[in-house]
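Each remark here refers to the structure printed beneath this line.
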Amino acid sequence: MIELKTETRAGWCVVAIRGRADAETADELEAALRAAVAQHPKVAADFAGLDYISSAGLRAVLQAARAAQAANAEFAACQLRGSVKRVFDVSGMQHVLRIDENLPC
Amino acid sequence: MLTILEELVLLAVNPNTGELVSTHEFGMGYALVGAVFFDLALSRQIDTDTEEIRILATAPSGHPVWDAVLAEMRNQPGLRTVRDWIEAMFRGNHDLEGAALASLIAGGILRRQKSKRLWLIEVERFPLVDRPAQTRLRERLAGAILGDQIPDPRDIMLVSLAEPCGLLRCLLSEAELESRKQRIAMLSNLETISRKVSLAIADLDASVRQTPHRLG
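As given, the protein sequences belong to chains A and B, one line each in that order.
Quick note, the first sequence lines up with residues 1 to 105 if you use the numbering used here.
Quick note, the second sequence lines up with residues 1001 to 1216 if you use the numbering used here.
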């Protein structure tokens, strides 16, 4: 189960993600992030409400970051907490995408 | 589109001789297992996190290798971690290389050639029929390593499996490999399955080094 809410604030499109990002919800997550990247030059994925992320979820984020790179858009993964932050850290995601402790707006 | 397993085996074919090359035989065995798990993950038959594998598939996929592996996984519910599964599949009697070769031959990419060495020993080679298929694959992976863009997850998976069995030497020079060492390590770390494959190979190497060698 995943909840995705998109809003625009101070020039940033913020995609708030709640629940679980796994194989069952990865397509939904990737589609929401890609749609944001296609329409906005600055996208922040807000992970504050995310409780769990699997490898499939991580790949969805990676694909969205690729799409942002291809579109010359800014993409930041923000407010990583607990086990989700640990998964990002262990995988070394900070080497491939921008990770911010707080939202940029 | 080829599977990760098929692409890994295609990468190991010497384009000049048709022989399968790898500088690390056991490493290749582990990498083949890792490739199947990646295929299962990409087709959403399984999902993993930093430690555990979860089976998602409820019906057969129709792919014989995937279904055989999934059936074995269902029969051993006690095994849960990625590491345990890589070890179990490595010890199991799955001819993953043979299955990938058969599929590449059926797809018109390789052909099987039998010959005799010293008139006695039968050897099998797999010359390329569709040489551009391997060239494209090699160029794609070289691009993922030499570039600074975020690669496609498939390419990340392949680079991370090709690295521990020495297959990256087939696509890049020693100088290129040296200059992109950090990038290769970074890509290899992104996926749980390849992190565990590398750990399994490192442990195997350590245990081989500790085994006392008999003299005489």
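C-beta: ideal position from N, C-alpha, C; glycine also.
Note that this is a predicted model, so its numbers are computed, not measured.
Relative to the Cα of residue 49 of chain A, the nearest Cα in the group A:61, A:21, A:97 and A:96 belongs to A:21. In this chain, residue 11 of chain A is not harboured by any beta strand (DSSP E), its DSSP state being neither H nor E.
At the C-beta level, residue 55 of chain A and residue 1081 of chain B stay beyond 7 Å of one another.
Under the DSSP definition of a beta bridge, residue 1115 of chain B partners with B:1123.
When 7 Å is used as the limit between beta carbons, residue 1056 of chain B is near these residues of chain A: 23, in chain order.
The continuous beta strand (DSSP E) containing residue 49 of chain A extends over residues 42-53. By the C-beta density criterion, residue 1153 of chain B is buried, having at least 16 other C-beta atoms within 10 angstroms. In chain order, 1047 place their CB closer than 6 Å to the CB of residue 1054 of chain B, counting only its own chain and leaving out the 5 sequence neighbours on each side. Using a 10 angstroms sphere on the CB of residue 1148 of chain B, the tally of other CB atoms stays under 16, which defines it as exposed.
Taking the Cα of residue 1159 of chain B as reference, the smallest distance to any Cα among B:1083, B:1206, B:1031 and B:1132 is reached at B:1031.
The beta carbon of residue 97 of chain A lies closer than 7 Å to those of 65, 75 and 77 in the same chain, with the five residues before and after it left out. Counting along the chain, no beta strand (DSSP E) covers residue 1087 of chain B; the unbroken alpha helix (DSSP H) around it starts and ends at 1082-1091.
In the three-state DSSP reduction, residue 1128 of chain B falls in the strand class (E or B).
For residue 14 of chain A against residue 44 of chain A, the beta-carbon gap comes to about 5 Å, under 8 Å, which counts as contact. Residue 74 of chain A: member of the beta strand (DSSP E) spanning 74-78, first to last residue. A Cβ-Cβ distance of about 6 Å is found for the pair residue 1009 of chain B and residue 1101 of chain B, placing them in contact under the 8 Å criterion. Taking a cut-off of 8 Å for Cβ pairs, the stretch 1023-1043 of chain B and the stretch 1125-1133 of chain B do not touch, as fewer than three such pairs fall below it. Under the three-state reduction of DSSP output, residue 1206 of chain B falls in the helix class. The CB of residue 92 of chain A comes closer than 7 Å to the CB of 1186, 1189 and 1190 in chain B, given here in chain order. The C-beta distance from residue 1122 of chain B to residue 1116 of chain B rounds to 6 Å, short enough to meet the 8 Å contact threshold. Interface annotation, residue 1003 of chain B: not in contact with chain A, CB-CB separation never under 7 Å. Residue 46 of chain A and residue 68 of chain A have their alpha carbons spaced roughly 16 Å apart. Annotated three-state conformation of residue 3 of chain A is strand, per DSSP.
Per DSSP, the continuous beta strand (DSSP E) segment holding residue 1054 of chain B begins and ends at 1053-1055. With a cutoff of 7 Å on beta-carbon distance, residue 1024 of chain B and residue 1165 of chain B are scored as near each other.
Here DSSP, grouped into helix, strand and coil, assigns residue 19 of chain A to strand.
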